[in-house]
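When we follow my numbering, the leftmost residue of the sequence shown carries the number 2, and every step to the right adds one. These notes concern the structure reproduced below.
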Amino acid sequence: MSNIRITKQFSFETGHALYGYDGKCKNVHGHSYKLSVTVIGSPITDRDNVKYGMVIDFSDLKKIVKEEIVDQFDHATVFNETTPHIELANELKNRGHHVILVDYQPTSENMVVDFSERIIKRLPKNISLFSLKLQETESSFAEWYASDNL
Numbered sequence: 002m003s004n005i006r007i008t009k010q011f012s013f014e015t016g017h018a019l020y021g022y023d024g025k026c027k028n029v030h031g032h033s034y035k036l037s038v039t040v041i042g043s044p045i046t047d048r049d050n051v052k053y054g055m056v057i058d059f060s061d062l063k064k065i066v067k068e069e070i071v072d073q074f075d076h077a078t079v080f081n082e083t084t085p086h087i088e089l090a091n092e093l094k095n096r097g098h099h100v101i102l103v104d105y106q107p108t109s110e111n112m113v114v115d116f117s118e119r120i121i122k123r124l125p126k127n128i129s130l131f132s133l134k135l136q137e138t139e140s141s142f143a144e145w146y147a148s149d150n151l
């Protein structure tokens, strides 16, 4: 049976700041992120299975990505927990804001690695994460490919 790739796209709004950066992104700002999730596997061949012909039901993939990424990061502000931004993060938390502290600089590059790890642990055994594309702006994005990370 052939391996087939399927892709589902997601959108979410997230703020962040890059402490120590030498450009505008050192300031707290936000993006309308677009995330494309591509998985690979063989379509189900059991004619008695309600998901016959599918690699994975798009709604099952949606549930995984929504729970692991969209619901977590949408309308949150992400800060590196090891920088002085922690003071700002704590102030925002105290005022009821949704803040996520991560152990990395919250660039698109690092976020896409984090997202890959979150998704991989939730996929069924017969399905593999093939790639992720995290688009930060209309013309800027980071990509993660399983083949680059063996």
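Think of the CB as a built atom: it goes at the ideal place given N, C-alpha and C, for glycine as much as any other residue. Since the model is a prediction, treat every value here as computed from it, not as a measurement.
- Rounded to the nearest whole angstrom, the C-alpha separation of SER60 and GLY31 is 28 Å.
- Its chain contains LEU19 and ASN81 as the residues whose beta carbon lies nearer than 7 Å to that of GLN106, once the 5 sequence neighbours on both sides are disregarded; these appear in chain order.
- When the Cα atoms are used, HIS86 and GLU68 turn out to be separated by approximately 26 Å.
- Collapsing the DSSP output to three states places GLN10 in a strand.
- Within the segment 89 to 138, the complete beta strand (DSSP E) segments at least 3 residues long are 100 to 103 and 129 to 138, listed from N- to C-terminus.
- The residues VAL40, SER117, ILE120, ILE121, LEU124 and ALA147, in chain order, have a CB closer than 7 Å to that of LEU130 in the same chain once the five nearest residues on each side in sequence are set aside.
- Nearest to GLU137 by C-alpha distance, out of LEU36, ASN28, LYS9 and GLN10, is LEU36.
- If you draw a 10 Å sphere on the C-beta of SER109, you find 16 or more other C-beta atoms in it, and that means buried.
- A check of alpha carbon separations from LEU135 across GLN10, ARG6 and LYS52 identifies GLN10 as the nearest.
- Scanning its chain for C-beta atoms nearer than 8 Å, with the 5 sequence neighbours on each side dropped, one finds around ILE101 the residues GLN73, PHE74, ALA77, THR78, VAL79 and PHE80, in chain order.
- For VAL38, the enclosing beta strand (DSSP E) has its first and last residue at 30 to 42.
- It is roughly 17 Å from the alpha-carbon of ASP149 to the alpha-carbon of PHE142.
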